[in-house]
Amino acid sequence: MANLPEKTPITEYTRNVDLEPEVEGWLEKLEKEDAQLKQPVVNQQTGQVVLDDTTQQQVDFKVVLPLTKDEMEKGLKHKVVDSLRWLAEWCLRLIKMFGNKVAFRKV
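Letter by letter, the sequence shown follows residues 5 to 111 in my numbering.
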């Protein structure tokens, strides 16, 4: 039963949304602004500081995937009903999102 071909192929549909020029300009302006907090964000229940502009944010990070490169390549060849396939697809999505900040699990 595991060697049967898939009955319905999965097709991904994407939709391109064209924004009006004034909305596009507003978004670009908003993204370029350097947002500063007037005061730190504090959790109301615990009183703990959640977000503060004065603390240095960590910019260098590395995402370590739960699969090796070979496992991911093999997983992408599995059927869509297999969990390994979806784990490999999720790893591929992380690679697309974070680019060179992603590392495969070491053997």
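Glycine included, C-beta positions come from ideal geometry on N, C-alpha and C.
Given the structure is predicted, the values throughout are model-derived calculations rather than measurements.
Return the bridge partner residues of M107 from the DSSP annotation. Taking the sequence shown and counting its residues from 1, the one referred to as residue 107 is at position 103. Correcting the residue type first, residue 107 is Ala in the shown sequence and not Met. Answer is V68, bridged to A107.
Should the stretch 88-95 be regarded as contacting the stretch 63-73, the criterion being three or more beta carbon pairs within less than 8 Å? Three or more pairs of CB atoms, one per stretch, sit closer than 8 Å, so the stretch 88-95 contacts the stretch 63-73.
Could you pull the DSSP bridge partners for L55 from this structure? Counting from 1 along the sequence shown, the entry for residue 55 is found at position 51. DSSP, once it has assigned bridges, lists V45 as partnering L55.
D22 versus V84 - alpha carbon distance: The residue you call residue 22 lines up with position 18 of the sequence shown. The residue you call residue 84 lines up with position 80 of the sequence shown. Computed Cα separation, rounded: 32 Å.
Burial state of G79 (16 or more Cβ within 10 Å): Here the question's residue 79 lines up with position 75 in the sequence shown. Its Cβ being crowded by 16 or more others within 10 Å, G79 is buried.
Backbone CA spacing between C95 and L55 [nearest angstrom]: As a working note, residue 95 is residue 91 in the sequence shown. As a working note, residue 55 is residue 51 in the sequence shown. C-alpha separation (whole angstroms): 29 Å.
Under the three-state DSSP convention, the category D86 falls into: Locating residue 86 in the sequence shown gives position 82, counting from the first residue. Of the three classes helix, strand and coil, the one that applies to D86 here is coil, per DSSP.
Please name the residue in E24, R19, V46 and H82 whose C-alpha comes closest to that of D57. If you number the sequence shown from 1, residue 57 lands on position 53. Nearest C-alpha to D57 among E24, R19, V46 and H82: V46.
Just mark M76 as buried or exposed, buried being the case when its beta carbon has 16 or more other beta carbons within 10 Å. For the purposes of this step, residue 76 is taken as the residue at position 72 of the sequence shown. M76 comes out buried.
For E32 and K42, the rounded distance between their alpha carbons: Counted from its first residue, the sequence shown places residue 42 at position 38. Counted from its first residue, the sequence shown places residue 32 at position 28. The C-alpha of K42 lies about 23 Å from the C-alpha of E32.
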